[in-house]
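Heads up: the structure comes next, in structure tokens.
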Ligand code: BMA
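In this note's numbering, the protein residues as written are 2 to 329.
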């Protein structure tokens, strides 16, 4: 039995695995949980992050507008399923040069020490990683961008490792990046990032072709007795464009740039209508999990076809077993 190292969350959203189900991750039966027009201005709500907050949950949501501009919005929920998303985007306090808005998308939320950190893909003469923190999901303080452009998918670890804050990211280009490896970076102060380490690259040949174009970190890594459980996205280029699936890796506890195991087979792929049909077809894109250390339950929040938000379930045992059995 594998163990999550973390807090208990007895009221988290949950459904048991359907009898006879073969895959390690199963979908919530009422998906999608957030429709594309859940707020008046939105064209689509997807690739969004949630976290336990007070006696329920808070989140940061990517809501693209009907003029198709990308911004992030705070939201709240009692049960993790029904969400009230603010109708106006987050405004940030901070250095006037840094808080200038070009575009914001694909947020992650991570609780470290005493506050909630938000990272997202932030337009600053090209995409880079924006960083902010909040105590209450009402006032948000933006700090320096973590990296020079171009970079996407900045994902913090939930505690310092070897005395330093740690972040995964995926250096990229200005466009729909046809490459992408995951890197690990370290910081003493959440401002200056360095000591960069390579974590993982794409798979060449047909060994694991679903992750042959690019890979990027998904939700905040989950600490377990086996190491850090990293759910990530993997992309293949097909004759119809990119297809996004989810994979799982286990990273070394003290040197998380070392991959101990990595799933050759995907853990979730676009099968359902709402994952295959939408503004960008054939995308499942994970950005957050909720976990319960007592039961080992994991709920994955993911964007579906760049249009709506879905929820899926697994357990630490399912993922560790599947990843080890499928490793390459
Ligand atoms: C990536 C990002 C994601 C998006 C994905 C698929 O590059 O833009 O927000 O979900 O492409 O379109």
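Just so you know, even glycine gets a beta-carbon here, dropped at the ideal spot from N, CA and C.
Under the three-state DSSP convention, the category residue i falls into
{"i": "residue 65", "result": "strand"}
{"i": "residue 29", "result": "coil"}
{"i": "residue 277", "result": "helix"}
{"i": "residue 229", "result": "strand"}
{"i": "residue 84", "result": "coil"}
{"i": "residue 239", "result": "strand"}
{"i": "residue 214", "result": "coil"}
{"i": "residue 224", "result": "strand"}
{"i": "residue 323", "result": "helix"}
{"i": "residue 51", "result": "strand"}
{"i": "residue 309", "result": "strand"}
{"i": "residue 255", "result": "coil"}
{"i": "residue 318", "result": "helix"}
Any non-hydrogen atom of the ligand BMA within 7 Å of residue i CB
{"i": "residue 286", "result": "yes"}
{"i": "residue 106", "result": "yes"}
{"i": "residue 281", "result": "yes"}
{"i": "residue 48", "result": "yes"}
{"i": "residue 245", "result": "yes"}
{"i": "residue 304", "result": "yes"}
{"i": "residue 196", "result": "no"}
{"i": "residue 126", "result": "no"}
{"i": "residue 199", "result": "no"}
{"i": "residue 307", "result": "yes"}
Cβ neighbour criterion (16 or more within 10 Å) applied to residue i
{"i": "residue 9", "result": "exposed"}
{"i": "residue 256", "result": "exposed"}
{"i": "residue 307", "result": "buried"}
{"i": "residue 146", "result": "buried"}
{"i": "residue 205", "result": "exposed"}
{"i": "residue 274", "result": "exposed"}
{"i": "residue 331", "result": "For the chain, the structure presents residues 2 to 329; residue 331 sits outside this window and is missing."}
{"i": "residue 149", "result": "exposed"}
{"i": "residue 61", "result": "buried"}
{"i": "residue 94", "result": "exposed"}
{"i": "residue 123", "result": "buried"}
{"i": "residue 247", "result": "buried"}
{"i": "residue 41", "result": "exposed"}
Closer than 7 Å: residue i CB and nearest the ligand NAP heavy atom
{"i": "residue 117", "result": "As far as ligands go, the structure on display features the ligand BMA and does not contain the ligand NAP."}
Would you check if there are 3 or more beta carbon pairs closer than 8 Å linking the segment 154 to 172 to the segment 187 to 204?
Contact between the segment 154 to 172 and the segment 187 to 204 is present: three or more C-beta pairs spanning the two stretches fall below 8 Å.
For the 8 Å Cβ check, are there 3 or more pairs between the segment 175 to 190 and the segment 131 to 139?
No, the segment 175 to 190 is not in contact with the segment 131 to 139.
Would you check if there are 3 or more beta carbon pairs closer than 8 Å linking the segment 171 to 183 to the segment 197 to 208?
The segment 171 to 183 vs the segment 197 to 208: in contact.
Taking contact to mean at least 3 C-beta pairs separated by less than 8 Å, is the segment 19 to 32 in contact with the segment 299 to 316?
These segments touch.
Taking three-plus beta-carbon pairs below 8 Å as touching, is the segment 230 to 244 in contact with the segment 214 to 222?
Three or more Cβ pairs closer than 8 Å define a contact, and the segment 230 to 244 meets that threshold against the segment 214 to 222.
On the three-pair Cβ rule with 8 Å, is the segment 69 to 85 touching the segment 253 to 271?
Per the Cβ contact rule, the segment 69 to 85 is not in contact with the segment 253 to 271 (fewer than 3 Cβ pairs under 8 Å).
Could you tell me whether the segment 296 to 307 touches the segment 270 to 288, using the rule of 3 or more Cβ pairs below 8 Å?
Enough Cβ pairs lie closer than 8 Å, so yes.
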